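Number of protein chains: 4
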Amino acid sequence: MEEESQEFRFRHSLDIRFRDLDPMGHVHHSIVLIYLEEARARYWQEVAGCPGLADIDYVLAEVTIRYHRRIEFPQRIEILVRTNRVGGKSFVQQFEIRSAAGERLASGRTVQVMYDYEAGGSKEVPDDVRARIERYEAGRA
Amino acid sequence: MEEESQEFRFRHSLDIRFRDLDPMGHVHHSIVLIYLEEARARYWQEVAGCPGLADIDYVLAEVTIRYHRRIEFPQRIEILVRTNRVGGKSFVQQFEIRSAAGERLASGRTVQVMYDYEAGGSKEVPDDVRARIERYEAGRA
Amino acid sequence: MEEESQEFRFRHSLDIRFRDLDPMGHVHHSIVLIYLEEARARYWQEVAGCPGLADIDYVLAEVTIRYHRRIEFPQRIEILVRTNRVGGKSFVQQFEIRSAAGERLASGRTVQVMYDYEAGGSKEVPDDVRARIERYEAGRA
Amino acid sequence: MEEESQEFRFRHSLDIRFRDLDPMGHVHHSIVLIYLEEARARYWQEVAGCPGLADIDYVLAEVTIRYHRRIEFPQRIEILVRTNRVGGKSFVQQFEIRSAAGERLASGRTVQVMYDYEAGGSKEVPDDVRARIERYEAGRA
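Right, dumping it as structure tokens:
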């Protein structure tokens, strides 16, 4: 996929926990979404400028994960996130998870939809959020 | 997608747990993979004829999930699983998660690769497993 | 302990999930608290008469767990809960987790404190909640 | 309790994850055991001299946790662990979880029993493990 050859500007590191493992001795496949969430929450704070827990006003609409290698414990991994597109009410991100040695462990794509928890429905991406993300991904911030 | 209009023969029900929820008050998006795993493990036992924990000799290679509605607690949900294709070393499944009222909560597709934990690499789908799955999905078992 | 020879009136059953296991092939020790929570939530609904998610207005203050046997998958377990004492702002419960065959897998004791999330501090056990619990545990309801 | 006024030599820090939270907006009470496990695994590696995953040859026999404050996200916490006693087949540890500001968030005590996974039963604490732990806790290593 063409998108995958692009660069990632945003990176977040974290330590795998013992409880992330399953009986097969590797990280359970669902935990990749938790690693990604940690990076996305920091991206939302630092890039989109939405600092608080209550500012996480989007929901996942779609996710695709490709698993490249077993993820083992203990290890410090790196999660790379990039926003490919900001639409009217949603935004699309690409991600990669890499080992400390730089091996690609997992990769994929998520679609997030802005969500109004009070109204119980989708809402527009705020203009300032869109502007901050686009500036950042264009390398201008 | 054409596949989605097909029928699911295999169904598994389970109760949502309080711990499945996140601070937004709905089931965390990663938990869909855990619900699906419960259904897939029963499918592997009952359809593919592989009864034990040590018989779970595949790994997830790719997964796509589409989230249709927020999943709330408490609730008994139904997970529907179908094998679309059995390849040489992998098999592809389609799934849906439905509320007791029949609403579609999440759906998607997974690719599993047969894995030899001792050799540390992929392996062939055993002939008897392939035959059992194909018979079942063709409605002949 | 004398308390342990008493009877449990309240029982809740649930299915262990594959994801509850850890690399040692048994249920991770932290998951006992999640099983217990499922039973306590039902107790709070059915015995204390507090039906909704927003009615879970207590926090854990202390817990002791004793692990008697490894808990294995797949299995349907039973969780037994009893309220030993309702204090001014807290209540003390005893619990046991048993296999389908009746073996004691884990047991222990929890102390819950009523919590006012708006005020950010403890609060009194409501009179009607206390009355319902005491009636139930005395075998009169 | 007298034990609690003692010092902790061993400390491990970690970042809370969003998924550690529950619908009440604080860390779920079961997660304290996962934080503690991370510190105990490092203690076992660094103090007891048992480096690998297969060297975690003990099981939890008993745990008591006291919850002092709600644990909020995001935050880097510190887990302090001390071995109070090494018995014939078991060892007793005390722990505290503290905020970056030094507030006590949770504390407690665990009893671990050495476990032989092949034989399926308890076993002796190896002499070199006992010696390393006792030297470390006496401040001589």
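Residue numbers (numbering that gives the first Met the number 0), protein chains in the order written: chain F, 0 to 140; chain G, 0 to 140; chain X, 0 to 140; chain D, 0 to 140. Built from N, CA and C at the ideal position, the CB exists for glycine as well. All values reported here derive from a predicted model rather than from experimental measurement.
Would residue i and residue j be called neighbours here (beta carbons separated by less than 8 Å)?
{"i": "I15(X)", "j": "F72(X)", "result": "yes"}
{"i": "A100(F)", "j": "R75(F)", "result": "no"}
{"i": "R10(X)", "j": "L79(X)", "result": "yes"}
{"i": "I33(G)", "j": "V85(G)", "result": "no"}
{"i": "E36(D)", "j": "F17(F)", "result": "yes"}
{"i": "E136(X)", "j": "R81(X)", "result": "yes"}
{"i": "Y42(X)", "j": "Q111(X)", "result": "no"}
{"i": "L104(G)", "j": "H67(G)", "result": "yes"}
{"i": "P22(X)", "j": "P22(F)", "result": "yes"}
Leaving out the 5 sequence neighbours to the left and right, which residues in its chain are closer than 6 Å to residue i when beta-carbon positions are compared?
{"i": "T63(D)", "result": "G107 and R108"}
{"i": "P125(D)", "result": "none"}
{"i": "F7(G)", "result": "L79 and R81"}
{"i": "D54(D)", "result": "none"}
{"i": "V31(G)", "result": "I64 and A105"}
By DSSP's criteria, residue i is part of a beta bridge. Which residues make up the other side?
{"i": "G107(G)", "result": "I64(G) and F94(G)"}
{"i": "E77(D)", "result": "S12(D) and R97(D)"}
{"i": "L35(D)", "result": "In the DSSP output, where bridge partners are listed per residue, L35(D) has none listed."}
{"i": "V46(G)", "result": "Answer by DSSP bridge pairing: none, since V46(G) is not bridged."}
{"i": "D115(G)", "result": "G120(G)"}
{"i": "R84(X)", "result": "V91(X)"}
{"i": "V58(X)", "result": "V112(X)"}
{"i": "V26(D)", "result": "L20(D)"}
Among the options, which residue has its Cα nearest to the Cα of residue i?
{"i": "D19(F)", "options": "V110(G), A38(G) and S29(G)", "result": "S29(G)"}
{"i": "E95(G)", "options": "D21(G), E77(G), N83(G) and D54(G)", "result": "E77(G)"}
{"i": "L59(F)", "options": "Y116(G), V26(G) and L52(G)", "result": "V26(G)"}
{"i": "Q92(X)", "options": "L52(X), G24(X) and R39(X)", "result": "R39(X)"}
{"i": "G24(X)", "options": "L52(X), N83(X) and I70(X)", "result": "I70(X)"}
So, at 8 Å on beta carbons, what are the nonlocal neighbours of residue i in its own chain, with the 5 sequence-adjacent residues on each side left out?
{"i": "G48(F)", "result": "D127, V128 and R131"}
{"i": "Y114(G)", "result": "D56, Y57, V58, G120, S121 and K122"}
{"i": "R65(D)", "result": "A105, S106 and G107"}
{"i": "M0(X)", "result": "Caution applies to M0(X), whose pLDDT of 38 falls short of 50 and renders its modelled position unreliable; the value that the coordinates give is listed next. Excluding residues within five positions, none has a Cβ falling inside 8 Å."}
Sorted by chain position, which residues of the same chain lie with C-beta nearer than 7 Å to residue i's C-beta, five sequence neighbours on each side aside?
{"i": "E117(F)", "result": "none"}
{"i": "K88(X)", "result": "V112, M113, S121, K122, E123 and V124"}
{"i": "R134(D)", "result": "A140"}
{"i": "N83(X)", "result": "E2, V91, Q92 and Q93"}
{"i": "E45(X)", "result": "none"}
{"i": "E102(F)", "result": "R68"}
{"i": "L52(F)", "result": "none"}
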